[in-house]
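Participant:
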Amino acid sequence: MKNARDMLVLYGLGLAVTLGGLVLVRAARPDGTPWELLLAGLVLLGFPLIHVVLNSFGFRGDGFALPVVMGLSGLGLMEIFRLQPTGMVRQAGWILLGLGVMLLTYRLACDPDRLGRYRYLWAAGATVLLGSALLFGTERGGARQWIDLGAVSFQPSEAVKVLLVLFLAAYLCEHQPVLIPHLPHDVELRALAPLGAVLGLSLLMLVIQRDLGGALLYFVIVLVMVYLGTGRADYVAAGAVSFLVGGGICYALFPHVRVRLDAWLDPWRDLPGVGYQTAQALFALGSGGIVGTGLGLGHPDLVPAAHTDLILAAIGEELGYVGVLCVVVLYVLLIGWGFCVALRAQAPFSRLVAAGASTVLGVQVVLILGGSLRFVPLTGITLPFVSYGGSSIVSNFVLLGLLLGVSHREEADRGVDRGRAHP
Amino acid sequence: MSELGLQLLRYVLLAFLLLFTYRAVRVVQDGLRAAAAEEVARCATLVVEEASPELRGRLFVVTSGAVIGRSPSAEVVLPDEFTSAQHARLVVRGSHFWVEDLGSKNGTFLNGRRLEAPAPLEDGDQLRIGRVTLRFRWPK
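In order, the protein sequence lines correspond to chains A and B.
So the first sequence is numbered by numbering that gives the first Met the number 0: it starts at 0 and just counts up by one.
So the second sequence is numbered by numbering that gives the first Met the number 0: it starts at 0 and just counts up by one.
1) Helix, strand or coil: how does DSSP classify His424 of chain A here?
2) Could you compute how far the alpha carbon of Leu227 of chain A sits from the alpha carbon of Val219 of chain A?
3) Quick check on His255 of chain A: buried or exposed, where buried means 16 or more other Cβ atoms within 10 Å of its Cβ?
4) Take Phe108 of chain B and list the residues in its own chain whose beta-carbon comes closer than 6 Å to its own, dropping the five residues that flank it on each side.
5) Run down chain B in chain order and give the residues with a C-beta less than 8 Å from the C-beta of Gly322 of chain A.
6) Kindly indicate which three-state DSSP category Trp263 of chain A falls into: helix, strand or coil?
7) Beta carbon of Gln125 of chain B, beta carbon of Arg134 of chain B: below 8 Å?
8) With 16 as the cutoff for other CB atoms within 10 Å, does Ala132 of chain A come out buried or exposed?
9) Per DSSP, what kind of secondary structure is Arg25 of chain B in: helix, strand or coil?
10) Would you call Asp300 of chain A buried or exposed, if buried means 16 or more other Cβ atoms sit within 10 Å of its Cβ?
11) In chain B, what lies closer than 9 Å to Asp412 of chain A by C-beta?
12) What are the boundary residues of the beta strand (DSSP E) that includes Thr62 of chain B?
13) What does a CB cutoff of less than 6 Å around Ala50 of chain B pick up in its chain, not counting 5 residues either side in sequence?
14) Which whole-angstrom value is the C-beta distance of Leu9 of chain A and Arg22 of chain B, which I expect to be below 8 Å?
15) On the DSSP bridge assignment, give the partners of Asp100 of chain B in chain order.
16) Would you mind sorting Thr85 of chain A into buried or exposed? The rule is 16 or more other CB atoms within 10 Å of its CB.
17) Considering only DSSP beta bridges, list what Pro119 of chain B is partnered with.
18) With Gly64 of chain B and Arg88 of chain B assumed to form a contact (beta carbons below 8 Å), what rounded beta-carbon distance in angstroms separates them?
19) Starting from Thr44 of chain B, follow the beta strand (DSSP E) in both directions and report where the run begins and ends.
20) So is Val385 of chain A in contact with chain B if we call contact Cβ pairs under 8 Å?
21) Can you tell me which of the three DSSP states Phe348 of chain A falls into?
22) From the DSSP output, which residues share a beta bridge with Gly274 of chain A?
23) Measuring CB to CB, does Ser386 of chain A end up less than 8 Å from Thr307 of chain A?
24) Determine whether the beta carbon atoms of Leu222 of chain A and Gly212 of chain A lie at a separation below 8 Å.
25) Starting from Val61 of chain B, find everything on chain A with Cβ-Cβ shorter than 8 Å and list it in chain order.
26) Which residues in the same chain as Ala411 of chain A place their Cβ atom closer than 6 Å to its Cβ, once the five residues preceding and following it in sequence are excluded?
27) Could you tell me which chain A residues have their CB closer than 7 Å to the CB of Val46 of chain B, listed as they occur along the chain?
28) How is Leu54 of chain B classed by DSSP in three states: helix, strand or coil?
29) Would Leu284 of chain A be called buried (16 or more neighbouring beta carbons within 10 Å of its own) or exposed?
30) Which chain B residues are close to Phe63 of chain A, counting only those with a beta carbon under 9 Å from its beta carbon?
31) So Leu5 of chain B contacts chain A; which residues on that side make the cut at Cβ distance below 7 Å?
32) Counting only Cβ-Cβ distances shorter than 7 Å, please list the residues of the segment 306–332 of chain A near chain B, keeping chain order.
33) At which residues does the beta strand (DSSP E) containing Arg89 of chain A begin and terminate?
34) Any beta-carbon of chain A closer than 8 Å to the one on Leu8 of chain B?
35) Between the segment 269–287 of chain A and the segment 310–319 of chain A, are three or more C-beta pairs nearer than 8 Å?
36) Pull up the distance between the alpha-carbon of Asp233 of chain A and that of Ala91 of chain A, whole angstroms please.
Quick look at the structure:
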């Protein structure tokens, strides 16, 4: 358990940064009402509040991620307030909902056996969700991945990434003895078939839905978790080869894949068209310099999707290199914390769930930070906890809840063991 | 608020953001140090190899700060005339146990060599204190 004073200092600093940022945004654009600032402050107070609630539930794990996520959410709130003042109120609501769902997930994850028992329910749920997006989905930005529920719309692919982690962890644990040793090929293939089926099905749906970021994310999750569960590099090599082949086929067949890759390789060739988004992001980052233009003083509104996927460009323009550096370091700490939780866990299922949840967070961060900086092709993925978007916020909080649950369960079990050894 | 005040607030904001990140890094660093110390402290033992018959074969579990000496208040009590009351001490620094002599009359010997300054210990090292020979056990 971390020092309570350190946590208090982090919460205080995170709150101060966010409120200062919101005041600056309001000073530069004096529309909106003061109660919006109050609302953001109250929502962020939810993080320490949840920490207190967890402790009163007898939480024994490591809650370090909570203030870090609060800092990231605060950065997101101030940039969203700056870009879309009305969106900030909704985002604050999503964060509140996310915190509540995180608490529920935490309670469930404290009993990992129950989570593992429903593995085929998770797989079926993922399939149904993706299928419903395909049948009833509405198209936005070239990707058909939204389900409209009247007032709010919902992105099933965000929920699927959580279900995928749970299913893979449970399935790999169950079949570990079959998958690890080198067995006759028919036995091995039979054990691998459900994995391949889930993977193929989700990828097929994503290709039809044109959600490239999601497809890439799922693919990496499956490869990493199969490797973590079995320790067999040949599965990963086979997956990587099939990825390259599949990527090549997609490049040849689908114009939207070609567009993304061309915009990455040379955004300047078709600046007003294909390369526009990538180029605007780079312009925004470039004009920010070391310390940025100051909140509310840049023009990040020129970047398409600046408040969702490309929020890093907005942060880079107005808070500069310093701001981007802080974001990257905070993610490194968060994901490192997740893998520490995984390493400390003794039960194979808990270990895989924690490692898988950390991988999902990490891959999202790498894909969208890399995409914003033209390090990898830009794909439609949100920056966890920072980007605007209800489905993304809630599902990432679910991952956080899983990690907190594993952490608590692990430390509680250790405490029992220690008590037995030295009565 | 005046323009100057706002400009000042912009820099203060960046400073606070950096401070927040720095504090978070420090928390992780402290946690890793504590975990390393815990790992080290968990399983180090001293086994008595050569001594008077009633002491021979005894095993002492040691943690950081353990004092070896004749005094009954020491963590590792060696009832031997050639051992000082507070003879030597084991402390965890970084990822190792270190042994330091506490100004003893007859000196502390690590693998047969007299200790001049604190030295790190490895699994299997031999310590001689007075007429007692101890084996340091610290399986990784």
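The beta carbon of each residue, even a glycine, is placed where N, CA and C say it ideally should be.
Facilitator: So, from the data block:
1) Given a span of 0 to 422 for chain A in the structure shown, any question on residue 424 of chain A remains unanswerable.
2) 12 Å
3) exposed
4) Arg127
5) Leu13 and Leu16
6) helix
7) yes
8) buried
9) helix
10) exposed
11) The premise fails here: Asp412 of chain A is roughly 16 Å from chain B at the closest Cβ pair, so nothing lies under 9 Å.
12) Looking at the DSSP string, Thr62 of chain B is not in any beta strand (DSSP E), and its letter there is neither H nor E.
13) Val131
14) 6 Å
15) B:Ala87
16) exposed
17) B:Trp97
18) 7 Å
19) Thr44 to Glu49
20) no
21) helix
22) None, per the DSSP bridge assignment.
23) yes
24) no
25) Per Cβ cutoff of 8 Å: no residues; Val61 of chain B is ~15 Å from chain A at best.
26) Arg59
27) Simply none; closest approach about 20 Å.
28) coil
29) buried
30) Ala23, Val26, Val27 and Gly30
31) Leu23 and Ala26
32) Leu318, Val321, Gly322, Cys325, Val328, Leu329 and Leu332
33) First-last for Arg89 of chain A: Pro84 to Ala108, but that is the alpha helix (DSSP H), not the beta strand (DSSP E).
34) yes
35) yes
36) 45 Å
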